[in-house]
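Q: Number 5 in full-length UniProt numbering belongs to position 5 of the sequence shown; there are no gaps in the numbering.
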Amino acid sequence: MTSSLRRGLVSPQGALPVFTCAYVAELKRAIDPYGFERSDDFDYESYEELMSEYLVVLTRRSIKWSRLLKGKGRVQKNVKHLNRTFPDNVLFRKTSDPCLQKALCNVLLAYGHHNPAVGYCQGMNFVAGYLLIVTKDEEKAFWLLDALVGRILPDYYSPAMTGLKMDQEVLGELVKLKVPAVWQLMMEHNVMWTLVVSRWFICLYIDVLPVETVLRIWDCLFYEGSKILFRVALTLIHHNQALIEQARSLPDVCQAFKQITKGPFVEDCHAFMQKIFTEPGSLSMAALTKLRAACRGRVAAEES
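#1: Is the separation between the beta-carbon of Gly225 and that of Ile152 shorter than 8 Å?
#2: Can you give the Cα-Cα distance for Asn115 and Ala286, rounded to whole angstroms?
#3: Rounded to a whole number of angstroms, what is the C-alpha to C-alpha distance between Tyr156 and Val118?
#4: Measuring straight from C-alpha to C-alpha, what distance separates Lys290 and Leu174?
#5: Among the candidates Ala301, Tyr120, Ala294, whose CA atom is the shortest distance from the CA of Asp167?
#6: So, are the CB atoms of Lys176 and His238 less than 8 Å apart?
#7: Does the distance from the CB of Glu138 to the CB of Val107 come in under 8 Å?
#8: Given that a residue counts as buried once 16 or more other Cβ atoms are within 10 Å of its Cβ, and exposed if not, what is Tyr130?
#9: Specify the secondary structure class of Ile217 as computed by DSSP and reduced to three states.
#10: Skipping 5 residues on each side, what residues in its chain have a beta carbon closer than 6 Å to that of Leu221?
#11: Here's a check: name, in chain order, each residue in its chain whose Cβ is nearer than 7 Å to the Cβ of Thr235, leaving out the five neighbours to either side.
#12: Assuming Ile260 and Leu243 form a contact by the criterion Cβ under 8 Å, report the distance between their Cβ atoms to the nearest whole angstrom.
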């Protein structure tokens, strides 16, 4: 008891514990921000060093974010019609408090100033809107958008949309390899891939697949990169091959591709995500890089 008194764990009257500031601080160090106890061999020194460096990054980003919000330029003219973004979502209605339309405008304006080569492109409003719904924070949504547009999906949202066009052609080559009957059908009816999958890619499956499924896809997209977009597309096509093959005309093909994005198969997000890693089979980054190089040349030749 005497030692406990010295440490401040109990009161002299033996009543409720009276914790000293030092003891409370020690308790906080032993428990992480999520409530889990840290192991005895937890490296506090390395952790503090990591957090110190991370705080510098956060501070630098916060300063840049504030500066970008104050910027002016031609981007502002292109983001005026944001009322078309998720008109059925209550968070984007003007009567909502807070209304995410203002936050969405801030994110898109800031990104336009940050990356003037891209500015604002069709589809970015839906992507930024989803990021705001999830994070509920303008700055976080901005940096996640930067990761997507600047690193994970380069040239998807550039004025020429070269990356988007290239990856649609890559999907066609992958379907030719993995679902040849569907590829043959597309050729017979002269259906360009951009006609049936452009929205899949440019909106990253927003308003194509159910919300929960889209968010699970995005988890993998941030973690594994753009390969996930192909896995999802190939799974949808492979799993619904019989339905697609019933098409007898170009309109039939387009209708089939709309139909395969609905129903129980895509609504069960957990089962669907397991399928995208098994049903399409092997899909290496080396093979993808090789296909992209070939398709990029083809796209460039068609546009020259």
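From the three backbone atoms N, C-alpha and C, an ideal C-beta is built for every residue, glycine too.
A: This is what the structure gives:
#1: Along the sequence shown, read from residue 1 onward, the residue named residue 225 stands at position 225. Along the sequence shown, read from residue 1 onward, the residue named residue 152 stands at position 152. Against a cut-off of 8 Å, the Cβ pair of Ile152 and Gly225 comes out as a contact.
#2: Position 115 of the sequence shown holds residue 115. Position 286 of the sequence shown holds residue 286. Those two C-alpha atoms are separated by around 29 Å.
#3: In the sequence shown, counting from the first residue as 1, residue 156 sits at position 156. In the sequence shown, counting from the first residue as 1, residue 118 sits at position 118. Those two C-alpha atoms are separated by around 9 Å.
#4: Here residue 290 refers to the residue found at position 290 of the sequence shown. Here residue 174 refers to the residue found at position 174 of the sequence shown. Rounded to whole angstroms, Lys290 to Leu174 spans 12 Å at the Cα level.
#5: Stepping through the sequence shown from its first residue, residue 167 is reached at position 167. Per the Cα distances, Ala294.
#6: For the purposes of this step, residue 176 is taken as residue 176 along the sequence shown, with counting starting at 1. For the purposes of this step, residue 238 is taken as residue 238 along the sequence shown, with counting starting at 1. No, they are not a contact pair.
#7: By 1-based counting over the sequence shown, the position of residue 138 is 138. By 1-based counting over the sequence shown, the position of residue 107 is 107. Yes. Within cutoff.
#8: Indexing the sequence shown from 1 puts residue 130 at position 130. It is buried - the Cβ of Tyr130 has at least 16 other Cβ atoms within 10 Å.
#9: Locating residue 217 in the sequence shown gives position 217, where the first residue counts as 1. Ile217: helix per DSSP, three-state reduction.
#10: As a working mapping, residue 221 is identified with position 221 in the sequence shown. Answer for Leu221: Ile228, listed in chain order.
#11: Here the question's residue 235 lines up with position 235 in the sequence shown. Excluding positions up to five away in sequence, the list reads Lys275, Ile276, Glu279, Pro280.
#12: The residue labelled residue 260 in the question sits at position 260 within the sequence shown. The residue labelled residue 243 in the question sits at position 243 within the sequence shown. Confirmed, about 6 Å.
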